[in-house]
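Going by UniProt numbering, 723 is the number at position 723 of the sequence shown; the sequence numbering is gapless.
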Amino acid sequence: MFQGLMLRRPKVVLMHRLLEYAEEGTNSQTCEGAWAEVLPDLVKTGSSTALTSAIKAFAFSILVGEPRRNIPMAAALEAYSIALRSVNDALQVPETSSLPELMAAVMCLLFAELVLPTSLESWTAHLEGLGQLIQTREPQFYASGIAHRLFVGARPALIVLRIQSRKSCFLASEAWRTAPFREIAPSPMQALMGEAAVIPGIIERLSQGPGQDAAARMLAELEALLDRLAMWEKSFQATAESPHFWFDGNCIWFDSLTTANGLTHCWAFKVICLTSIGKIVTSVLNRRTSTQISEEFITQENRRLSVLICQSTRYLMQDKMKLFGPTSIVLPLQTAYDTLKAGGVETEKDFAWCKNSRITAAIMSDQEREHALASFKQKLIESREWETKLKNLRLEIKGLQKDFDNTEDHIKALQSVGQIIGEVLKQLDEERFIVKASSGPRYVVGCRSKVDKAKLKQGTRVALDMTTLTIMRMLPREVDPLVYNMSLEDPGQVSFGGIGGLNEQIRELREVIELPLKNPELFLRVGIKPPKGVLLYGPPGTGKTLLARAVASSLETNFLKVVASAIVDKYIGESARLIREMFGYAKEHEPCIIFMDEIDAIGGRRFSEGTSADREIQRTLMELLNQLDGFDYLGKTKIIMATNRPDTLDPALLRAGRLDRKIEIPLPNEVGRLEILKIHAAGVAKDGEIDFESVVKMSDGLNGADLRNVVTEAGLFAIKADRDAINQDDFNKAVRKVAESKKLEGKLEYQKL
């Protein structure tokens with residue numbers, strides 16, 4: 001059956017060589033032996049992982065019983081398991097391996113399974129898969145080279161499998177019988193298998209209950225096949241001057257392992273043909289046809305051939321002769337057993353031996369298989385436990401290495417000297433820069449290799465080595481603590497839905513601030529420049545700051561809140577420097593919104609007379625005007641200014657091109673006050689229905705902050721009355737109280753801008 005693996009060297013030598021190829025990839029010599037000879041050639045051409053692991057599993061399975069190699073069964077099973085996964089992965093992605101590599105890998109697994117304690121179903125499934133793999137190419141693909149050697153090695157096993165399963169074989173077609181052998185003549189064993197390829201189809205048709213005409217055609221095919229098998233045996237015997245086999249008492253001897261294997265299968269094929277002829281004649285044709293083969297001849301010939309099969313398989317199963325155990329001759333054994341049992345010769349010793357050997361040939365004993373599998377599972381569990389321990393140790397080492405590196409950095413920081421802060425003035429070439437040290441002098445210095453030289457632009461702050469003045473690292477932009485504290489201002493979770501009575505103002509503000517930041521392409525498409533900033537003006541408490549917070553919160557941008565009075569410094573030039581750093585910080589952290597509240601503190605009208613403090617404020621205003629003129633129109637930095645004294649602002653600040661839009665935030669009307677009151681009262685506990693409209697009618701002249709105070713005062717009235725909810729009377733008293741205190745405030749008069 002497995003003539004494709006008949007070796008001209010001892011199998012152990014070949015397996016040692018294959019193991020060297022699988023483990024080391026050596027290409028010093030060539031292994032000898034049918035299809036196995038191509039494995040080194042495939043490895044030398046850079047084989048896939050699937051083939052390499054399959055060769056290793058193949059070698060381990062053969063060497064598992066070799067004393068000098070001392071390979072345990074568990075190791076062989078582990079190598080087989082790894083190879084099985086690799087081959088399955090390669091079959092899922094066929095383009096990663098060539099067809100010869102895939103065929104060789106599957107064949108290595110097949111022959112490994114003949115020795116290892118795997119299931120017969122697994123071996124059968126892989127052999128079926130190999131057949132499907134072969135059919136992915138035309139027959140002429142296997143006419144020469146490595147593909148031919150692999151095809152020749154797999155062909156006998158595929159044909160025998162089909163005979164056992166009683167299903168027709170694709171190898172029986174004329175194309176598959178002739179095309180692969182047009183350039184290379186088939187060996188005697190391959191010629192025998194070519195004749196036997198038609199047997200599975202005949203057996204399948206016979207099992208389907210053919211009619212009289214079909215049975216007659218099948219009878220003629222079987223008689224012709226018997227004649228061809230007899231001619232093959234005769235021509236095979238004639239290839240040598242001395243007989244190929246001889247008898248010594250009750251034992252049979254052969255001149256070679258190849259002869260024993262070929263003749264044993266030839267006799268088995270004859271028995272199958274004779275048995276099928278007997279079934280056709282007796283069951284289908286009811287002895288109503290003439291045939292040269294009588295029932296008596298069939299019985300005698302089957303018995304004679306079965307005895308020969310038993311004796312030849314006993315010869316093949318000797319320890320020094322056997323290839324892959326009794327599984328490699330399972331078909332002849334099964335055929336002989338069925339024939340002897342049907343002939344009623346169960347008392348003969350050949351039948352008893354055949355019966356015991358047939359059980360062994362089908363599969364290894366359950367006890368041996370279970371022992372090997374248990375050992376393999378235990379080794380697998382131990383391997384995974386060690387892998388887990390190794391993984392944990394690697395993680396621990398990684399953590400220790402990180403701690404070690406941090407400690408090294410700390411030690412270096414403690415031992416190292418300080419560095420000089422400088423500023424890049426100009427780049428001379430790829431390696432040299434002109435820098436200005438913080439102390440004043442200018443130097444031509446080099447740059448550390450780890451520093452990205454492309455980022456060393458003019459004005460970049462750098463750290464210089466104390467001795468060589470080499471640029472060691474880049475430093476972030478210098479930011480005044482006051483400016484940094486501005487960035488810590490959180491606009492909070494304020495939404496436009498929480499602002500009442502200012503729908504038109506919200507729309508105008510979003511057009512100026514939100515739209516250019518979210519959709520700048522709209523302005524490019526139309527060809528206009530978006531406004532740089534907006535001025536919110538109106539009486540106190542109308543929601544100017546709240547609008548700015550809502551815009552920053554909805555856009556999720558950086559937010560700088562500046563109180564203009566905090567910028568003014570007693571030292572000349574400090575206020576202007578703060579303005580510069582504030583705008584520089586905003587540009588580096590775009591998108592950013594700068595909200596300058598109480599802008600009238602630095603943006604008042606300029607006049608010729610005044611004190612030195614007034615002149616410092618005027619210098620601060622001029623720096624602000626300069627920064628506004630320097631804006632990128634489509635930049636992501638926007639400015640919002642707020643004041644309740646727009647009439648005092650300098651005209652230069654209000655002109656178009658700086659603050660392009662002025663939005664008045666007036667006192668809310670009756671509808672606006674109702675919206676604001678409902679917003680503030682939404683989260684408080686109320687006793688019954690509240691008539692907010694009556695409250696609003698008494699709140700004429702109140703702003704948004706006053707209305708929030710109305711709700712607070714109503715809550716205080718409820719607390720004084722020892723109640724958990726606010727009623728209508730509380731709101732009425734609260735609005736009257738707030739309106740009374742409102743009289744203390746002066747009335748602000750100004751013209752609309």
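Glycine included, each C-beta is placed from N, C-alpha and C at the ideal position.
Environment of residue i [buried if 16+ CB atoms lie within 10 Å]
{"i": "P243", "result": "exposed"}
{"i": "T313", "result": "buried"}
{"i": "V562", "result": "buried"}
{"i": "W386", "result": "exposed"}
{"i": "E276", "result": "In the sequence as presented, Glu is not what sits at residue 276; that position holds Ser. S276 is buried by the Cβ-count criterion."}
{"i": "N406", "result": "exposed"}
{"i": "Q311", "result": "buried"}
{"i": "D248", "result": "exposed"}
{"i": "V738", "result": "buried"}
{"i": "F404", "result": "exposed"}
{"i": "S294", "result": "exposed"}
{"i": "G262", "result": "buried"}
Cα-Cα separation, residue i to residue j
{"i": "L425", "j": "A413", "result": "28 Å"}
{"i": "Q29", "j": "W35", "result": "In this predicted model, Q29 has a pLDDT of only 32, less than 50, meaning its place in the structure is not dependable enough to derive any value."}
{"i": "F731", "j": "I676", "result": "14 Å"}
{"i": "K743", "j": "T460", "result": "57 Å"}
{"i": "H410", "j": "G418", "result": "14 Å"}
{"i": "I55", "j": "S97", "result": "15 Å"}
{"i": "E556", "j": "E664", "result": "25 Å"}
{"i": "G131", "j": "S306", "result": "30 Å"}
{"i": "N519", "j": "I499", "result": "24 Å"}
{"i": "V735", "j": "E623", "result": "46 Å"}
{"i": "A576", "j": "A721", "result": "55 Å"}
{"i": "I719", "j": "L536", "result": "37 Å"}
{"i": "I420", "j": "L469", "result": "8 Å"}
{"i": "G25", "j": "T52", "result": "In this prediction, G25 has a pLDDT of 40, which is less than 50 and means its spatial position is unreliable; what the coordinates show is noted afterwards. Straight-line Cα distance between these residues: approximately 9 Å."}
{"i": "R473", "j": "V445", "result": "13 Å"}
{"i": "I71", "j": "A90", "result": "27 Å"}
{"i": "G209", "j": "G278", "result": "14 Å"}
{"i": "E174", "j": "E195", "result": "11 Å"}
{"i": "M641", "j": "V534", "result": "6 Å"}
Residues of its chain near residue i, where Cβ-Cβ distance is below 6 Å and the 5 sequence neighbours each way are ignored
{"i": "F254", "result": "F245 and A260"}
{"i": "L219", "result": "I280"}
{"i": "A57", "result": "A79, Y80, A83 and A112"}
{"i": "residue 766", "result": "This structure gives no information on residue 766, because the portion of the chain shown stretches from 1 to 753."}
{"i": "G201", "result": "S168 and A172"}
{"i": "P531", "result": "V512, D660 and R661"}
Residue i - DSSP class collapsed to helix/strand/coil
{"i": "V115", "result": "coil"}
{"i": "L547", "result": "helix"}
{"i": "M472", "result": "strand"}
{"i": "Y315", "result": "helix"}
{"i": "A197", "result": "coil"}
{"i": "M364", "result": "With a pLDDT of 43 at M364, under the threshold of 50, the modelled position of that residue is not reliable, and the figure given next carries that caveat. The answer is coil: DSSP assigns M364 none of H, G, I, E or B."}
{"i": "F607", "result": "coil"}
{"i": "C169", "result": "coil"}
{"i": "Q493", "result": "coil"}
{"i": "L502", "result": "coil"}
{"i": "residue 754", "result": "No answer is possible for residue 754: it lies beyond the span of the chain, which begins at 1 and ends at 753."}
{"i": "V93", "result": "coil"}
{"i": "Y443", "result": "strand"}
{"i": "Q237", "result": "helix"}
{"i": "M15", "result": "Residue confidence is low: M15 scores 47 on pLDDT, short of 50, so the model does not pin down where it sits. Its coordinate-derived value is still stated next. Correct three-state label for M15: helix."}
{"i": "R580", "result": "helix"}
Top-ranked residue by Cα proximity to residue i, from the options
{"i": "P100", "options": "E128, G153 and A125", "result": "G153"}
{"i": "I252", "options": "I309, I134 and G573", "result": "I309"}
{"i": "L222", "options": "K234, F236 and A197", "result": "A197"}
{"i": "I329", "options": "S294, A268, L340 and L659", "result": "A268"}
{"i": "N558", "options": "A191, G492 and E431", "result": "G492"}
Cβ-based neighbour list, residue i, same chain, cut-off 8 Å, excluding 5 preceding and 5 following
{"i": "N272", "result": "Correcting the residue type first, residue 272 is Ile in the shown sequence and not Asn. Excluding residues within five positions, the ones whose Cβ falls inside 8 Å are I163, I199, I203 and T335."}
{"i": "residue 820", "result": "This structure gives no information on residue 820, because the portion of the chain shown stretches from 1 to 753."}
{"i": "A74", "result": "A372, S375, F376, Q378 and K379"}
{"i": "K635", "result": "In the sequence as displayed, the identity of residue 635 is Gly instead of Lys. Closer than 8 Å at Cβ, skipping near neighbours: K587 and E590."}
7 Å Cβ shell around residue i - same chain, five flanking residues per side excluded
{"i": "T648", "result": "D600, G604 and R605"}
{"i": "T49", "result": "S86"}
{"i": "M193", "result": "R155, P156 and I159"}
{"i": "A705", "result": "G541"}
{"i": "F543", "result": "Rather than Phe, the amino acid found at residue 543 in this sequence is Gly. Excluding residues within five positions, the ones whose Cβ falls inside 7 Å are I499, L502, I665 and G704."}
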